[in-house]
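Chains as they are written, first to last, in my numbering: chain A, 5 to 284; chain B, -11 to 259.
Yeah, the Cβ is synthetic: ideal placement off N, Cα and C, and Gly gets one too.
Treat the numbers as computed from the prediction; the structure is a model and nothing was measured.
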Amino acid sequence: MTVQSESAVGSVSVPSLPAKPSMLARITDKLVSPFFAILLVAYWEFHVRYFEVDALLLPPPSKILVSLWHGLASGLFLEHLGITIYRALSGFLIAMFMGIALGALISQFKFIEKTVYPWVVALQTVPKIAIAPLILVWCGYGSLSKIVTATLVAFFPILVNTIIGLRSCEQGKLDLMRSLKAGRWLTFRMVQLPNALPFIFAGLSVAVVFSILGALVGEFVGSKDGIGFLILDANYQLNIPRVFALLIMLAAYGITCHVLLRYAHRKLVFWNDQHNVTSA
Amino acid sequence: MQKALSLHDTTPAIELSGVSKVFATASGEPVHALNYTNLTIGAGEFITVVGASGCGKTTLLRLVAGLERSSSGTIRINGAPQVGPSEQAGIVFQDATLLPWRTVMQNVLLPVQVLKLDARKYGERARALLETVGLKDFTNKYPHELSGGMRQRVAITRALVHDPAMLLMDEPFGALDAMTRDQMNLELLDIWAATRKTVVLITHSITESVFLADRVIVMSPRPGRVVEEIVIDLPRPRTLEMINKEEFGKYVRHIRGLLGAGAHARNGATP
Ligand SMILES: Nc1ncnc2c1ncn2[C@@H]1O[C@H](COP(=O)(O)OP(=O)(O)OP(=O)(O)O)[C@@H](O)[C@H]1O
Ligand SMILES: [Mg+2]
Chain A
5 MTVQSESAVG
15 SVSVPSLPAK
25 PSMLARITDK
35 LVSPFFAILL
45 VAYWEFHVRY
55 FEVDALLLPP
65 PSKILVSLWH
75 GLASGLFLEH
85 LGITIYRALS
95 GFLIAMFMGI
105 ALGALISQFK
115 FIEKTVYPWV
125 VALQTVPKIA
135 IAPLILVWCG
145 YGSLSKIVTA
155 TLVAFFPILV
165 NTIIGLRSCE
175 QGKLDLMRSL
185 KAGRWLTFRM
195 VQLPNALPFI
205 FAGLSVAVVF
215 SILGALVGEF
225 VGSKDGIGFL
235 ILDANYQLNI
245 PRVFALLIML
255 AAYGITCHVL
265 LRYAHRKLVF
275 WNDQHNVTSA
Chain B
-11 MQKALSLHDT
-1 TPAIELSGVS
9 KVFATASGEP
19 VHALNYTNLT
29 IGAGEFITVV
39 GASGCGKTTL
49 LRLVAGLERS
59 SSGTIRINGA
69 PQVGPSEQAG
79 IVFQDATLLP
89 WRTVMQNVLL
99 PVQVLKLDAR
109 KYGERARALL
119 ETVGLKDFTN
129 KYPHELSGGM
139 RQRVAITRAL
149 VHDPAMLLMD
159 EPFGALDAMT
169 RDQMNLELLD
179 IWAATRKTVV
189 LITHSITESV
199 FLADRVIVMS
209 PRPGRVVEEI
219 VIDLPRPRTL
229 EMINKEEFGK
239 YVRHIRGLLG
249 AGAHARNGAT
259 P
């Protein structure tokens, strides 16, 4: 499972053991991506300074870092990031429970499938972002409207993936349970749900990004706090380095979620590590 | 041979009379998978079923298992009309059908868990069975860490763990190489000799069908029907040397003749 398929460039592999990349190869492997990033940032800094690009269009990385430092030191950024995370994460968690629960109900009961599923399919095609202003009207200026928007956006990928995952169960496994006269709930719990886990995780990793998007759009549409509010505010003041600094904050949260989810995926769906490349 | 005698004075374990199965298909044209099939299987008998691919062997087994409803005719299990799946049947599917998130032991204990049997008592039994099939050291491994033959052995152990009276096996050794297959056949006969369950085993190998069976059921190409039932009058316990005996060869040639040229291509696995 942990065997890496990349060939270790320039290393002598030990015979009979599964080819484990040499220390050097592994380190260079790990460093390639950060190295490129540093190169890019360095060029960015150079380009902006050398060609005297207007800081309103593209500030140099150094200015962004300074802005980030000020925002962090004053506590302003973290306070508002906390608010946005609270909204995005609440939306994500609600969407997760509702998406999995409704997906399970739709896959288990023909009646619910017939009545609810057509609506799900229809709603799925509506761009949820478009109704963010409406939600603001309905749910007010506070956190609720942002949580609702985040939930709405994150909900569908989870729901759809849950349904697909639960339906994808091999007939043979279902026959096995049927031959033992296992009930619906037992079959669901012991076979269909674990079988659907890889799909559900694929849905979750899409949804977690969507939930940030949803919270942010909610804040754009109308808010007096949160990262979305700060971005708009900085934009009005033409404080572009601060906009970039705030984007970095959001990216940090997004990456953290992604890493945590991938870790949970690896731990829970240990049996098909080989095909673990599904969700990007 | 004694089996054949006992047939007359006990209720048959499995009895099919006039059983047909028609599948509706997407194209609208119905598929006659099984046509007016009669079959009587005594308790403790070892039956093998051979026939060309697509002749309805799996359908027959699924009907007996209660996983499929017959279109017409009646199926009786121990004299009572068949109404659906029963814990009295242990089934080994064509592919092992293990649950990849469960260890070998957990897979074997699945029927115990579903049927709510005494976990401790059957845990001991599962351990003993796994030892018999040579998987004692693999109880905590996951299916993806096993070879194909090992997985099939786990599936067989799972079918046996709750001590069902019938064992229904759909080409259980189809994916194995000839050597492993021989070994698995001997293990299966050992288990059968010790427990005397009613066994119905589907196979593509004529040699295997003769080697294992009290009686070989030969089926015609679609729509499937029983062409002939051949009582295998070879002494038990069976040994691999018997395969080279003239008597054994006679059975094999006879069945091969019944199946015709079409079946030869699929019978490559065993000599
Ligand atoms: N659920 C189904 N729906 C429609 N047709 C089916 C279904 N199951 C089986 N059939 C058809 O019934 C026929 C018999 O199928 P069956 O699986 O019993 O064959 P088999 O003898 O087991 O073949 P093989 O040796 O290849 O496993 C085939 O023509 C198949 O296409
Ligand atoms: Mg078959």
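- At least one heavy atom of ligand 1 lies closer than 6 Å to the C-beta of phenylalanine 11 of chain B.
- Scanning its chain for C-beta atoms nearer than 6 Å, with the 5 sequence neighbours on each side dropped, one finds around valine 273 of chain A the residues Leu201, Pro202, in chain order.
- With a cutoff of 6 Å, threonine 25 of chain B does not count as near ligand 2, since its C-beta is closer than that to no heavy atom of the ligand.
- Relative to ligand 1, alanine 163 of chain B has its C-beta separated by 6 Å or more from all heavy atoms.
- Under a criterion of Cβ atoms nearer than 7 Å, the residues of chain B adjacent to alanine 186 of chain A are, in order, Val102.
- By the neighbour-count criterion, in which 16 or more other beta carbons inside 10 Å mark a residue as buried, glutamate 3 of chain B falls on the buried side.
- Among the residues facing chain A, isoleucine 79 of chain B is included, as its CB has a counterpart in that chain under 7 Å away.
- Ranking A:Leu197, A:Cys143, A:Ser149 by CA distance to the CA of asparagine 165 of chain A puts A:Leu197 first.
- The beta carbon of tyrosine 110 of chain B does not come within 7 Å of any beta carbon belonging to chain A, so the residue lies off that interface.
- Remark: C-beta atoms of isoleucine 116 of chain A and isoleucine 110 of chain A approach each other more closely than 7 Å.
- In the three-state DSSP reduction, glutamate 133 of chain B falls in the helix class (H, G or I).
- For the pair glycine 107 of chain A and leucine 163 of chain A, the CB atoms are nearer than the 7 Å cut-off.
- When Cβ pairs closer than 8 Å are counted between the two stretches, the region 172 to 179 of chain B is seen to touch the region 135 to 148 of chain B, the count reaching three or more.
- DSSP lists B:Thr36, B:Met157 as the bridge partner or partners of leucine 189 of chain B.
- In this structure, the alpha-carbon of alanine 31 of chain B lies about 5 Å from that of alanine 1 of chain B.
- A residue is called buried when at least 16 other Cβ atoms come within 10 angstroms of its Cβ; glutamine 128 of chain A does not meet this threshold and is exposed.
- Looking at the backbone, the Cα of valine 206 of chain B and that of isoleucine 35 of chain B are separated by about 11 Å.
- Residue environment for proline 122 of chain A: exposed (fewer than 16 other C-beta atoms within 10 angstroms of its C-beta).
- Residues of the same chain with a CB within less than 7 Å of the CB of serine 59 of chain B, apart from the 5 flanking positions on each side, are Ser8, Lys9, Val10 in chain order.
- Not one heavy atom of ligand 1 is found less than 6 Å from the C-beta of threonine 85 of chain B.
- DSSP places histidine 51 of chain A in the helix class (H, G or I) of the three-state scheme.
- Taking 7 Å as the CB threshold, threonine 195 of chain B stays off the interface with chain A.
- The three-state secondary structure of threonine -1 of chain B, taken from DSSP, is coil.
- Relative to ligand 2, the beta carbon of threonine 46 of chain B is positioned inside 6 Å of a heavy atom.
- In the DSSP assignment, threonine 191 of chain A falls within the alpha helix (DSSP H) that extends over 188 to 191.
- With a threshold of 6 Å, the Cβ atom of alanine 21 of chain B counts as near ligand 1, since some heavy atom of the ligand is closer than that.
- Counting only Cβ-Cβ distances below 7 Å, aspartate 83 of chain B has contacts in chain A at Gly176, in chain order.
- Bridge pairing for proline 69 of chain B: B:Arg64 [DSSP].
- In this structure, the straight-line span from the alpha carbon of valine 37 of chain B to that of proline 209 of chain B is close to 13 Å.
- With distances taken between CA atoms, leucine 123 of chain B lies nearest to B:Thr91 out of B:Thr13, B:Ala77, B:Thr91.
- The beta carbon of serine 147 of chain A does not come within 7 Å of any beta carbon belonging to chain B, so the residue lies off that interface.
- DSSP places asparagine 26 of chain B inside the beta strand (DSSP E), whose first and last residues are 19 to 29.
- In the structure shown, the three-state DSSP call for leucine 4 of chain B is strand.
- Pairing arginine 244 of chain B with proline 131 of chain B, the inter-Cα distance amounts to about 36 Å.
- With a cut-off of 6 Å, the C-beta of glycine 187 of chain A is classified as distant from ligand 1, since no heavy atom of the ligand falls inside that distance.
- Under the 7 Å criterion on CB atoms, proline 73 of chain B is classed as interfacial with respect to chain A.
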